[in-house]
Amino acid sequence: MADYLSDLSRKHWMVSNPKRLNRTGMDGKSFRCPFCPGNEEDTPPEVYRVGEGEANKSGWEVRVVPNLFPITDIHEVVIHSTSHDTNIEGLALPQLEKIIRTYINRFNFHKHEGKVYIFSNQSLSSGASLIHSHSQISVLPQEIPTDTISSQPVENIIEQNNSFVSYCPTYSEWSYEVWIKALGQNKFESLNETEVKDLAAILHLMINKLKKIHGSSPRFSKKEFGYNFYVYPYDSWYLRIIPRFMERAGFELSTGIMVNSVTAEKASQELRDITADLHPVL
Ligand SMILES: [Zn+2]
16 MADYLSDLSR KHWMVSNPKR LNRTGMDGKS FRCPFCPGNE EDTPPEVYRV GEGEANKSGW
76 EVRVVPNLFP ITDIHEVVIH STSHDTNIEG LALPQLEKII RTYINRFNFH KHEGKVYIFS
136 NQSLSSGASL IHSHSQISVL PQEIPTDTIS SQPVENIIEQ NNSFVSYCPT YSEWSYEVWI
196 KALGQNKFES LNETEVKDLA AILHLMINKL KKIHGSSPRF SKKEFGYNFY VYPYDSWYLR
256 IIPRFMERAG FELSTGIMVN SVTAEKASQE LRDITADLHP VL
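Listed below in structure tokens is the structure:
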């Protein structure tokens, strides 16, 4: 069970869940990837799939299973593809569209059970414990206050397509963080097919641009390319990509104030100028 604890002010909250301790790969035992096709029996029974075949057998293209090591009491894993080592930036756009449709499906499935968070940690440096690319759907009880940053004004635009704009908000806490916001009024839970395609395209492009920025800087590329992204799926919904080029350190931990040494204007200029190589392998 998840245990929610607050500090004395009741402004700051943490969640404790001992099941997290023995996550796959953290217990020293030999490793077989539970997200690879053929190993379906290594996960809890699946709750959703895109693709063919019987539940808990191969044939899937995107697979959703309960998280064996949950943070919250409802916590699912979205396995992005059957490829063990292809991250979002290497997937073909139709595959990324299937992932986004899966997010929408799971959001609609859980939206009456609490506050739904959709996020992805890519690479060990961003907090992932398995390299097989995946996202997570976590549902927090309504009564637990959260501190999610509100939708920021569109400034420092990087790209725009028919449905979405990507930009670096002036209030950027992380170097090169990128926000994606809808141009229309449609809610995340009711995006149409065109919007799903446009969201996949701009997300894919932005991550590939960030990868280029990472590769072109000797300072950043000392460690592997890693990022987090999340969807805030409620009013004024947005998708925020946070590249993990820099570490949080003592100042941030002691003050709660983030340090960003690259201005949003400079980040957006570089991201506009850089051309991403888009050669999806799947
Ligand atoms: Zn795998």
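The letter at position 158 of the sequence shown is residue 173 when you use the numbering used here, and the numbering goes up by one with no holes. Quick reminder that beta carbons are idealized off the backbone N, C-alpha and C, glycines included. Remember, predicted model here, so these are calculated numbers, not experimental data.
- Task: Return the first residue and the last residue of the beta strand (DSSP E) that Ala143 is part of.
- Result: Per DSSP, Ala143 belongs to no beta strand (DSSP E) and is neither H nor E.
- Message: Let me confirm a value: Gly241 is counted as buried when at least 16 other C-beta atoms fall within 10 Å, else exposed. Which label applies?
- Response: buried
- Query: Counting by C-beta, which residues lie closer than 5 angstroms to a heavy atom of ligand 1, in chain order?
  - Reply: Cys48, Phe50, Cys51, His99, His147
- Any 3 or more C-beta pairs closer than 8 angstroms across the stretch 111 to 121 and the stretch 153 to 163: no
- Message: According to DSSP, is Tyr249 part of a helix, a strand, or is it coil?
- Response: coil
- Which listed residue (Thr209, Asp288, His95, His149) has its alpha carbon closest to that of Gly199: For Gly199, the closest C-alpha among the options Thr209, Asp288, His95, His149 is that of Thr209.
- May I ask which residues mark the beginning and end of the alpha helix (DSSP H) holding Gly199? That residue, Gly199, is in no alpha helix (DSSP H); it is neither H nor E in DSSP.
- Extent of the continuous beta strand (DSSP E) to which Phe179 belongs: For Phe179, the uninterrupted beta strand (DSSP E) run begins and ends at 179 to 182, by DSSP.
- Query: With a cut-off of 8 angstroms, do at least 3 Cβ pairs link the stretch 177 to 184 to the stretch 264 to 273?
  - Reply: Under the three-pair Cβ rule at 8 angstroms, the stretch 177 to 184 does not count as touching the stretch 264 to 273.
- Item | Proximal residues to His229 (C-beta, below 8 angstroms), its chain only, five neighbours per side dropped | Phe235, Ser236, Phe240, Pro258, Phe260
- Message: For Leu297 and Thr97, I'd like the C-alpha separation in whole angstroms.
- Response: Legend: pLDDT at Leu297 = 44, less than 50; position of this residue unreliable, no value from coordinates given.
- Message: Within a Cβ cutoff of 7 angstroms, which residues of the same chain sit near Val277, ignoring the five residues on either side of it in sequence?
- Response: Excluding positions up to five away in sequence, the list reads Ser190, Tyr191.
- Task: Could you name the residues of the same chain whose beta carbon sits closer than 7 angstroms to that of Ser205, not counting the 5 residues immediately before and after it, in chain order?
- Result: If we look at Ser205 and ignore the five residues flanking it on each side, it has no Cβ neighbours.
- Item | Same chain, Cβ closer than 6 angstroms to Glu67, neighbours up to 5 away in sequence not counted | Gly74
- In the stretch 32 to 98, which residue ranges form an unbroken beta strand (DSSP E) of at least 3 residues, counting only runs that do not cross its ends? 63 to 66, 75 to 81, 89 to 94
- Query: How would you label His147, buried or exposed, when you count the other beta carbons within 10 angstroms and need 16 or more for buried?
  - Reply: Residue burial is scored here from C-beta neighbours: His147 has at least 16 other C-beta atoms within 10 angstroms and is therefore classed as buried.
- Task: Return helix, strand or coil for Asn120, following the three-state DSSP convention.
- Result: helix
- Item | Span of the beta strand (DSSP E) around Leu106 | That residue, Leu106, is in no beta strand (DSSP E); it is neither H nor E in DSSP.
- Tell me, which residues are paired with Leu20 by DSSP? Met29
- Item | Backbone CA spacing between Glu128 and Thr290 [nearest angstrom] | C-alpha separation (whole angstroms): 42 angstroms.
- Beta-carbon separation (whole angstroms), Glu61 vs Val80, contact threshold 8 angstroms: 5 angstroms
- Mind checking Leu20: buried by the 16 CB within 10 Å criterion, or exposed? exposed
- Quick one: using the 10 Å Cβ neighbour count with 16 as the cut-off for buried, is Pro33 buried or exposed? Around the C-beta of Pro33, fewer than 16 other C-beta atoms lie within 10 Å, and the residue is accordingly described as exposed.
- Query: In or out: Leu23 buried (at least 16 other Cβ within 10 Å) or exposed?
  - Reply: exposed
- Item | Asp18 classed as buried or exposed, judged by whether at least 16 other C-beta atoms fall within 10 angstroms | Around the Cβ of Asp18, a 10 Å sphere holds fewer than 16 other Cβ atoms; the residue is exposed.
- Buried versus exposed call for Asp213 [16 or more other C-beta atoms within 10 Å across all chains shown]: buried
- Rounded to a whole number of angstroms, what is the C-alpha to C-alpha distance between Lys202 and Val211? 12 angstroms
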